[in-house]
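From first to last, the protein sequence lines stand for chains A and B. Those letters in the first sequence? Residues 1 to 248, by our numbering. Those letters in the second sequence? Residues 249 to 337, by our numbering. All C-beta atoms in this analysis are idealised placements derived from N, C-alpha and C, irrespective of residue type, glycine included. If you're wondering where the values come from, they're calculated on a predicted model, not measured in any experiment. As C-alpha cells, the structure follows; a few thoughts come after it.
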Amino acid sequence: MRVRVVDSGTYSEPVQQAIERVLVDRVAAGEVEPTLRFWYRETPAVPLGRFQAYDDEVEADYADERGIDVVRRITGGGAMYVEPGSVITYSLYLPRSAVSDDVEASYAELDQFAIDALRDLGLDASHEPLNDIAHPDGKIGGAAQLRTDDAVLHHTTMSYRLDTAEMLRVLRIGEEKVSDKAIQSAEKRVARISDHVDASRREVVDAMIEAVGDRYDTFEGELSAAVLADARELAAERFATDEWNRKL
Amino acid sequence: MKRTGTVKVPDGKLVEVTLTGDERIESARVTGDFFLEPPAARTELEVAIEGHPVTVDRETLVEAIAAVDARLIGFDAGDLADATLEAVR
Chain A
1 MRVRVVDSGT YSEPVQQAIE RVLVDRVAAG EVEPTLRFWY RETPAVPLGR
51 FQAYDDEVEA DYADERGIDV VRRITGGGAM YVEPGSVITY SLYLPRSAVS
101 DDVEASYAEL DQFAIDALRD LGLDASHEPL NDIAHPDGKI GGAAQLRTDD
151 AVLHHTTMSY RLDTAEMLRV LRIGEEKVSD KAIQSAEKRV ARISDHVDAS
201 RREVVDAMIE AVGDRYDTFE GELSAAVLAD ARELAAERFA TDEWNRKL
Chain B
249 MKRTGTVKVP DGKLVEVTLT GDERIESARV TGDFFLEPPA ARTELEVAIE
299 GHPVTVDRET LVEAIAAVDA RLIGFDAGDL ADATLEAVR
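Below, the structure written as C-alpha cells:
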C-alpha cells in the first residue's frame, strides 16, 4: 500500500483534532491517499477522550490559568497532557480494508513501526494490550482509534521529554486508574523516551519514518489547502467550542 | 439523588455511571476512558439504563445493555451494569 508521510505543519489543538475528522473522512471517501501524519503543536494542551467527563479529568482552573487548551477528541481512551516538542504524536488514516477487524490485533499492528523504531534506537519498548506502548519503567505512550465504515483513524502519543510534574497538576489522575497496576505514584507510570535513549526528538521521528518504510510504500507529502481549510472551519465550529469540549 | 458508580476493569478501562431519580433511574450518564463503536451508541447505553427501578437486578441490566447494537471495547455490559448498581445502592 502507498502511504503518504506528512511531517510538517504546526497547528493549534482544535485544528489538530479537526484534521483527524477531516482526514479520516477523506480517506474513507477515497479522496485522500492513506496517510501517516506527525503532529507539531503550538501550545500545551489536553486532548480529552471522547467519552470522558471534563471535570473528572482536568483541573479546570489550573488549565484556564495556564492557557492550556482542553480539546475533546473524536476517539475514546484517556486524557493526556502534551507540550510542543516534548511528545511525539502520530496519526495513521487507512482504508478499513487495510486494518484488522480484530481491534486488539490492530492496535498492536499499527503501533509496531513505532515500536520497531524505538527498539532500533536501543529502547526496550513493547506493545501492551489494549492500546499502550510500554517500557519496563512505565508507559511510553497510548493509542486510540476511530473506525468508520470505510476507514480507520489510529493516533498515538508518546512521551519524549514530558514535564510529568506539570502533567500531574493539569490532569486529575484517579486512584482507581492507578491502583490496579499497584504503582504508587502516577508519575512513575510515564516512561519518557529521552530518559532511555540519546536521540533528539527529530532523530526519533526520522527513525520512525524509516521504520514505516519497511511496512508500506511511503512517499513525502503535505496536507492540501482544501483539507486545512475544512479543518480550520470544523475547529471553529466544534473543537474550539465549550459545547463540544465540555459536553460531558 | 445524584449518585455515581465507577468500575475499573482489570487491565481495561474506567467506566463511570452518574444517575438521577429516586424510585426509578430517570437519567443516566456514561463516561470514561473506554472505546465504543459507533461513538453515538453512548446515548443508547444510557437509555438502556434509564427507566429501571433502583432495585433492578444485575441480570436485567446486563440484558438491556447487551441489547444495544454497539461494540464495547475495554469494558463489557457486565462492567457497565456493575457501575450502575454501585450508583443506585
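Checklist line | 4 or more residues per run - each alpha helix (DSSP H) lying fully within the region 1-50 of chain A | finding: DSSP runs (the alpha helix (DSSP H)) wholly in the region 1-50 of chain A: 13-28.
Next item on the list: Under 9 Å between beta-carbons, which chain A residues line up against aspartate 281 of chain B? List them in chain order, please.
Entry: Walking along the second sequence from the start, residue 281 of chain B turns up at place 33. Correct list: Gly49, Phe51, Gln52, Glu57, Gly76, Gly77, Gly78, Ala79, Lys177.
Checklist line | Beta carbon proximity, arginine 337 of chain B to chain A, threshold 8 Å | finding: On the second sequence, position 89 is the one that residue 337 of chain B refers to. Answer no: the Cβ-Cβ gap between arginine 337 of chain B and chain A never drops below 8 Å.
Check: Helix or strand or just coil, what does DSSP make of arginine 290 of chain B?
Finding: Residue numbering aside, residue 290 of chain B sits at position 42 when the second sequence is read from its first letter. Note: arginine 290 of chain B maps to helix in three-state DSSP.
Note to self: For valine 15 of chain A, which residues in the same chain have their Cβ closer than 7 Å to its Cβ, ignoring the five residues on either side in sequence?
What the structure shows: For this step, residue 15 of chain A is matched to residue 15 along the first sequence. Excluding sequence positions up to five before and after valine 15 of chain A, its CB lies within less than 7 Å of the CB of Ala231, Arg232, Ala235, all in the same chain and listed in chain order.
Next item on the list: Let me know the secondary structure DSSP gives glycine 326 of chain B once reduced to three states.
Entry: Here residue 326 of chain B corresponds to residue number 78 of the second sequence, with the count starting at 1. Here glycine 326 of chain B sits in helix by DSSP.
Check: Residues in the region 284-301 of chain B with C-beta within 8 Å of chain A's C-beta atoms, listed in sequence order?
Finding: Of all residues in the region 284-301 of chain B, Leu284, Glu285, Pro287, Arg290 have a Cβ within less than 8 Å of some Cβ in chain A.
Check: The alpha helix (DSSP H) spanning glutamine 242 of chain A covers which residue range?
Finding: Looking up residue 242 of chain A in the first sequence gives position 242. The residue you asked about is not glutamine; residue 242 of chain A is aspartate in the sequence shown. That run of the alpha helix (DSSP H) goes 242-245.
Notebook entry, point to check: Residues of chain B with a CB under 7 Å from the CB of valine 46 of chain A: which are they?
Noted result: By 1-based counting over the first sequence, the position of residue 46 of chain A is 46. Here the premise fails: no neighbours, minimum Cβ distance about 13 Å.
Notebook entry, point to check: Who are the near neighbours of methionine 167 of chain A in its chain, counting only those whose CB is closer than 6 Å to its CB and skipping five residues on each side?
Noted result: Within the first sequence, the letter at position 167 stands for residue 167 of chain A. The residues are Tyr81.
Margin query: For a cutoff of 8 Å on Cβ pairs, would you count arginine 119 of chain A as touching chain B?
Written below: Position 119 of the first sequence holds residue 119 of chain A. Output row for arginine 119 of chain A: interface = no.
Check: Which value, in whole angstroms, describes the spacing of the CA atoms of alanine 191 of chain A and isoleucine 273 of chain B?
Finding: Stepping through the first sequence from its first residue, residue 191 of chain A is reached at position 191. Stepping through the second sequence from its first residue, residue 273 of chain B is reached at position 25. The straight-line gap from Cα to Cα measures roughly 42 Å.
Check: Any Cβ of chain B within less than 8 Å of the Cβ of alanine 18 of chain A?
Finding: Stepping through the first sequence from its first residue, residue 18 of chain A is reached at position 18. No, alanine 18 of chain A lies away from the interface with chain B (no Cβ there is under 8 Å from its Cβ).
Notebook entry, point to check: Under 8 Å between the Cβ atoms of threonine 157 of chain A and glycine 138 of chain A?
Noted result: Mapped onto the first sequence, residue 157 of chain A falls at position 157. Mapped onto the first sequence, residue 138 of chain A falls at position 138. Against a cut-off of 8 Å, the Cβ pair of glycine 138 of chain A and threonine 157 of chain A comes out as no contact.
Checklist line | Range of the contiguous alpha helix (DSSP H) that encloses glutamine 112 of chain A | finding: The residue given as residue 112 of chain A occupies position 112 in the first sequence. Where glutamine 112 of chain A is concerned, the enclosing alpha helix (DSSP H) stretches over 103-120.
Margin query: Cutting at 7 Å between CB atoms, please list the residues of its own chain near alanine 182 of chain A, excluding the five before and the five after it.
Written below: Position 182 of the first sequence holds residue 182 of chain A. With a pLDDT of 42 at alanine 182 of chain A, under the threshold of 50, the modelled position of that residue is not reliable, and the figure given next carries that caveat. Within the same chain, alanine 182 of chain A has no close Cβ partners at all.
Notebook entry, point to check: Would you call the CB atoms of glycine 322 of chain B and valine 310 of chain B closer than 8 Å?
Noted result: Locating residue 322 of chain B in the second sequence gives position 74, where the first residue counts as 1. Locating residue 310 of chain B in the second sequence gives position 62, where the first residue counts as 1. Taking 8 Å as the Cβ cut-off, glycine 322 of chain B and valine 310 of chain B do not qualify as a contacting pair.
Next item on the list: Counting only the same chain and skipping the five closest in sequence on each side, list residues whose C-beta sits under 8 Å from that of asparagine 245 of chain A.
Entry: Here residue 245 of chain A refers to the residue found at position 245 when the first sequence is read from its first residue. Shown here for asparagine 245 of chain A: same chain residues with a beta carbon closer than 8 Å to its own, the five before and five after excluded, namely Leu48, Tyr54, Val70, Val71, Arg72, Phe239 in chain order.
Next item on the list: Please determine if the region 27-40 of chain A and the region 256-263 of chain B are in contact, where contact requires at least 3 C-beta pairs separated by less than 8 Å.
Entry: Because the criterion of three Cβ pairs below 8 Å is not met, the region 27-40 of chain A and the region 256-263 of chain B do not touch.
Next item on the list: Identify whether phenylalanine 282 of chain B lies in helix, strand or coil by the three-state DSSP scheme.
Entry: For this step, residue 282 of chain B is matched to residue 34 along the second sequence. Secondary structure at phenylalanine 282 of chain B: coil, using DSSP grouped into helix, strand and coil.
Next item on the list: Consult DSSP for valine 255 of chain B and reduce its assignment to one of helix, strand or coil.
Entry: Within the second sequence, residue 255 of chain B is the residue found at index 7, counting from 1. The answer is strand: DSSP assigns valine 255 of chain B an E or B state.
Check: Using the rule of at least 16 other Cβ atoms within 10 Å of the residue's Cβ for burial, across every protein chain shown, is alanine 312 of chain B buried or exposed?
Finding: Here the question's residue 312 of chain B lines up with position 64 in the second sequence. So alanine 312 of chain B ends up on the buried side.
Next item on the list: Have a look at isoleucine 88 of chain A and arginine 277 of chain B and give me their C-alpha separation to the nearest angstrom.
Entry: Counting from one through the first sequence, the residue named residue 88 of chain A turns up at place 88. Counting from one through the second sequence, the residue named residue 277 of chain B turns up at place 29. Approximately 33 Å between the Cα atoms of the pair.
Margin query: Tell me the residue span of the beta strand (DSSP E) that contains threonine 75 of chain A.
Written below: In the first sequence, the residue the question calls residue 75 of chain A occupies position 75. If you look at threonine 75 of chain A, you'll find it isn't in any beta strand (DSSP E); DSSP assigns it neither H nor E.
Next item on the list: Identify the contact partners of valine 103 of chain A in chain B, using a Cβ-Cβ distance below 8 Å as the criterion.
Entry: Looking up residue 103 of chain A in the first sequence gives position 103. Phe283, Arg319, Ile321, listed in chain order.
Next item on the list: Please name the residue or residues paired with tyrosine 93 of chain A in a DSSP beta bridge.
Entry: Counted from its first residue, the first sequence places residue 93 of chain A at position 93. According to DSSP, tyrosine 93 of chain A bridges with A:Thr35, A:Leu153.
Check: Exposed or buried, which one is valine 295 of chain B when buried takes at least 16 other CB atoms within 10 Å?
Finding: Start at 1 with the first residue of the second sequence, and residue 295 of chain B comes out as number 47. An exposed status is given to valine 295 of chain B, since fewer than 16 other beta-carbon atoms sit within 10 Å of its beta-carbon.
Note to self: Rounded to the nearest angstrom, what separates aspartate 180 of chain A and serine 224 of chain A at their Cα positions?
What the structure shows: Within the first sequence, numbered from 1, the residue matching residue 180 of chain A stands at position 180. Within the first sequence, numbered from 1, the residue matching residue 224 of chain A stands at position 224. In this predicted model, aspartate 180 of chain A has a pLDDT of only 48, less than 50, meaning its place in the structure is not dependable; the value taken from the coordinates is given anyway. Taking the straight line joining both Cα atoms gives about 45 Å.
Next item on the list: For my contact list, aspartate 120 of chain A and alanine 207 of chain A are in at a C-beta cut-off of 8 Å; report their separation, rounded to the angstrom.
Entry: Position 120 of the first sequence, counted from the start, is the residue given in the question as residue 120 of chain A. Position 207 of the first sequence, counted from the start, is the residue given in the question as residue 207 of chain A. About 6 Å separates the CB atoms of aspartate 120 of chain A and alanine 207 of chain A; that is less than 8 Å, so the two are in contact.
Item checked: Rounded straight-line distance, which links the Cα of serine 91 of chain A to that of aspartate 324 of chain B -> Sequence index remark: in the second sequence, residue 324 of chain B carries index 76 (1-based). Sequence index remark: in the first sequence, residue 91 of chain A carries index 91 (1-based). In a straight line, the C-alpha of aspartate 324 of chain B is about 27 Å away from that of serine 91 of chain A.
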